[in-house]
């Protein structure tokens, strides 16, 4: 889904081939810039908060909610996690569930993608 959202053509039937192709492109600065330009203000705010909270993936959901609460309420979407799911679909964040011991961990922006992000 991420490849389709970002307009990438991914070829191959083997999982390793697909993963290699996606990993080569996911942190490309031009692609990351284009994906962020297409975000609305609320998604951009969620991405900014994820970035501020760090790239380790050890962000608790409450921390994300607290940071966003300071900036204002998410009004256009059901909740914050609707926004983080969209960021994951675009390859701008990863789901917290990819981490070992996932429990109440928020989605996060990994270091490779964070380095490619334009100023938010």
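Residue numbers (our numbering): 5 to 124.
Heads up, the beta-carbon is just placed ideally off N, CA and C, and yes, glycines get one too.
Note that the coordinates shown come from a computational prediction; the quantities given were computed from them, not determined experimentally.
Determine which residues share a DSSP beta bridge with residue i and list them.
i           : result
residue 9   : Residue 9 is not bridged to any residue.
residue 109 : 64
residue 98  : 112
Find out if the Cβ-Cβ distance for the pair residue i, residue j is shorter than 8 angstroms.
i           : j          : result
residue 4   : residue 7  : Nothing can be reported for residue 4: it is not among the residues displayed for the chain, which extend from 5 to 124.
residue 100 : residue 61 : yes
residue 12  : residue 34 : no
residue 51  : residue 71 : no
residue 122 : residue 37 : yes
CB-CB under 8 angstroms to residue i, same chain, minus the five flanking residues each way: which ones, in chain order?
i          : result
residue 54 : 63, 68, 88, 91, 97, 110, 111, 112, 113
residue 27 : none
residue 48 : 40, 124
residue 15 : 21, 25
Which term fits residue i, buried or exposed, when burial requires 16 or more other beta carbons within 10 angstroms of its beta carbon?
i          : result
residue 23 : exposed
residue 10 : buried
residue 17 : exposed
residue 46 : buried
Once the 5 residues before and after residue i are set aside, which same chain residues still bring their CB inside 7 angstroms of it?
i          : result
residue 84 : 50, 68, 69, 72, 78
residue 75 : 49
Check whether the Cβ of residue i lies closer than 8 angstroms to any Cβ atom in chain B.
i          : result
residue 12 : Although the question refers to chain B, the structure presented lacks it and comprises just one protein chain.
Which residues in the same chain have their Cβ closer than 6 angstroms to the Cβ of residue i, if we skip the five residues on either side of it in sequence?
i          : result
residue 94 : 9, 39
In chain order, each alpha helix (DSSP H) run of at least 4 residues that lies wholly inside the stretch 25-51 | 33-41
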